[in-house]
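Protein chains in written order, with the working numbering: chain A, 21 to 334; chain B, 21 to 334. Cβ coordinates follow ideal geometry from the N, Cα and C atoms, glycine included. For clarity, every value in this text was computed on a predicted model and none was experimentally measured. What follows is a single structure, written as structure tokens, with notes after it.
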């Protein structure tokens, strides 16, 4: 098991990465300091990993809330559902929420923890690669508004993140690759030696070899943690984490957030950003080709979806 | 005009207190640094003070949202209404919200500012004595849940508070007295010379003489600011601000939050707390009588409402 500290002063917290951290009772006992524990998860994840988590919680009584899968769960209505559950069980300010799931569950549960009685503890147990390397780290929590994504939220840090590499074994291939886009991003924005390691070892990663998985999650979280520690509220350097996201969001918007996964749009968006940089004479063609080659080996799309109409103002 | 700084490091902010600060264009120009300004107010306050505020905003374009008066406005639905308004107008992360009203409008608008795009600026313009001396200072924002008050919220500081003593002229007598309960509270918990000043000058306050009003608001805010600076998130000394609130909440609950104003319940609750202290031999009868006398001169109730059934477990 690897441990990374996210250094945010009095809000610092550890990220535990490795095989079976979800079943690590000592780890749970350390962080579950209350008998009022609410696990929030979804109908896809619950049949796979809920029991495993509940077993490692043996010493604490707890409740479970299972929500529908999908982006539409990230709403004020679901927030209200979580708060109602906490109120009905008379949970106090010392209760703990556990988010067991991908980005939707993590963002929603984190925001509920930020709001309930003006802030209670929460633990992130991300079950997708994207959530493990990106959304579970850094404290961005939110729900969507019908007119825009992530419009209602808070910067609110978890008290621990548990990234279990075992849970990635059940992740569909496309979702796994989508997570890799964010992994490659860390290499591109600030960690060239990691990028070169990825170029050498991407096949081990694709095969989901445990050692390779632990390494990419560790290195990604380390990079993200360093950036977040410098700029928690995104007033400067944290914006570099958005590489590929401007073009990516344009793709997602054009597709009405359907068909492509977020990571796929970000991967393609990074290549588009590289291409733009080349046109501005900031990158060489050779560098752009190198990025494209790695994205292809990670099974990520490198061309915008057919059917998107381009408009020129020229 | 008096200015008090609430010293919260990078979240420090000024409270301006005095006649006509609402019409002070220089003050507005200093704090309104955006052309995206949303004023949130209610149907009672709008006819009285909205125009005055809009005139002093002459340099900034703005929108207005007028909500129903009353505690039921402090809901997730109203939060959603504010967020929808911001989204429809395409307000960005640099927009500013202005809360023009009492505690309900301040708590709701503050929470909306805390959540919108994970936090935008907001200015408090409290229009009740209670809001001026208590709820607008300290960063406690929230909405209610059907099963409990203030259950969904955030600690989130305004960028300025403008307490205009002129607006108190239209405040009904009962509401004015309810605000005085919190003023007396600061004297009791940590400022004996202020308490003695109140004993000498309460009639000037009741007459709403401007100098006396400015002084009690200033001294109350100074006390609250000092406590909040020591303990922003209520993990220790900030709990002293809750003097009278345990008994007060019991009264409010027994009345289903009807009939009595919050300040009235707190005033009576402080006397009950003093009485309990006497029974525990921590206060003398004479001191309890002194508190009762001041509450009576402030036109506050000193006996629990008739009809509340008392139960004894003895």
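Next item on the list: Taking a Cβ distance cut-off of 7 Å, strictly less, list which residues of the stretch 274-306 of chain A are near chain B, in chain order.
Entry: none
Notebook entry, point to check: Using CA coordinates, which residue listed in B:263, B:152, B:101 and B:95 is at the minimum distance from residue 122 of chain B?
Noted result: B:152
Note to self: Just verifying my parser: in three-state terms, what is the DSSP assignment at residue 186 of chain B?
What the structure shows: helix
Margin query: Would the stretch 22-39 of chain A count as touching the stretch 174-193 of chain A if we require 3 or more Cβ pairs under 8 Å?
Written below: yes
Check: For residue 160 of chain A, which residues in chain B fall below 8 Å Cβ to Cβ?
Finding: 138
Check: In chain order, what residues of the same chain lie with their CB nearer than 6 Å to the CB of residue 321 of chain B, ignoring the 5 residues before and after it?
Finding: 284 and 288
Next item on the list: Would you tell me roughly how many angstroms separate the C-alpha atoms of residue 163 of chain A and residue 96 of chain A, rounded to the nearest one?
Entry: 6 Å
Check: Once you ignore the five residues that flank residue 144 of chain B on each side, which residues in its own chain have a CB closer than 6 Å to its CB?
Finding: 119, 126, 156, 178 and 181
Next item on the list: Could you tell me the distance, in whole angstroms, from the CA atom of residue 317 of chain A to the CA atom of residue 271 of chain A?
Entry: 21 Å
Item checked: Beta-carbon proximity of residue 21 of chain B to residue 33 of chain B, cut-off 7 Å -> no
Notebook entry, point to check: Is residue 171 of chain B helix, strand or coil when you go by DSSP?
Noted result: strand
Notebook entry, point to check: CB residue 136 of chain A to CB residue 99 of chain A, shorter than 7 Å?
Noted result: no
Notebook entry, point to check: Between residue 82 of chain B and chain A, is there a C-beta pair that is closer than 7 Å?
Noted result: no
Notebook entry, point to check: Taking Cβ to Cβ, would you say residue 275 of chain A is nearer than 7 Å to residue 198 of chain A?
Noted result: no
Item checked: Extent of the continuous alpha helix (DSSP H) run through residue 312 of chain A -> 305-317
Next item on the list: Determine the closest residue to residue 296 of chain A out of A:273, A:310 and A:267, with distance taken between C-alpha atoms.
Entry: A:267
Checklist line | Whole-number beta carbon distance between residue 315 of chain B and residue 291 of chain B, since they are thought to touch under 8 Å | finding: 6 Å
Item checked: Counted within 10 angstroms of its Cβ, other Cβ atoms place residue 146 of chain A as buried (16 or more) or exposed -> buried
Notebook entry, point to check: Would you say residue 131 of chain B and residue 159 of chain B are within 7 Å of each other, going by their C-beta atoms?
Noted result: no
Next item on the list: Mind checking who residue 25 of chain A pairs with in its DSSP beta bridge?
Entry: A:34
Next item on the list: Starting from the beta carbon of residue 355 of chain B, find every residue of chain A whose beta carbon is closer than 9 Å, and list them in chain order.
Entry: Given that chain B is displayed from residue 21 to residue 334, the structure contains no residue 355 of chain B and the question cannot be resolved.
Check: Does DSSP put residue 229 of chain A in a helix, in a strand, or in coil?
Finding: coil
Notebook entry, point to check: Who are the near neighbours of residue 265 of chain A in its chain, counting only those whose CB is closer than 7 Å to its CB and skipping five residues on each side?
Noted result: 286 and 289
Next item on the list: Check whether the stretch 247-259 of chain A touches the stretch 228-236 of chain A, counting contact only when three or more Cβ pairs, one atom from each stretch, lie closer than 8 Å.
Entry: no
Checklist line | Cβ distance (whole Å) where residue 124 of chain B is taken to contact residue 93 of chain B below 8 Å | finding: 5 Å
Notebook entry, point to check: In chain B, which residues lie less than 7 Å from residue 123 of chain A when you measure between Cβ atoms?
Noted result: Within chain B, no residue comes near residue 123 of chain A; the closest Cβ sits about 15 Å away, beyond 7 Å.
Next item on the list: Starting from residue 96 of chain A, find everything on chain B with Cβ-Cβ shorter than 7 Å and list it in chain order.
Entry: 96 and 100
Check: Which residues in chain B sit within 8 Å of residue 174 of chain A, going by Cβ to Cβ distance?
Finding: 134, 135, 138, 139 and 174
Item checked: Reference residue 202 of chain A, options A:239, A:325 and A:223, closest by Cα -> A:239
Next item on the list: Confirm, please, whether the CB-CB distance from residue 42 of chain A to residue 73 of chain A is below 7 Å.
Entry: yes
Checklist line | Residues that residue 121 of chain B bridges to, as DSSP identifies them | finding: B:146
Checklist line | Cβ distance (whole Å) where residue 206 of chain B is taken to contact residue 244 of chain B below 8 Å | finding: 7 Å
Check: Can you name the start and end residues of the beta strand (DSSP E) that residue 83 of chain A belongs to?
Finding: 82-87
Next item on the list: Tell me whether the beta-carbon of residue 148 of chain A lies closer than 7 Å to the beta-carbon of residue 68 of chain A.
Entry: no
Margin query: What would DSSP say about residue 161 of chain B, mapped onto helix, strand or coil?
Written below: strand
Check: Is the CB of residue 103 of chain B under 7 Å away from at least one CB in chain A?
Finding: yes
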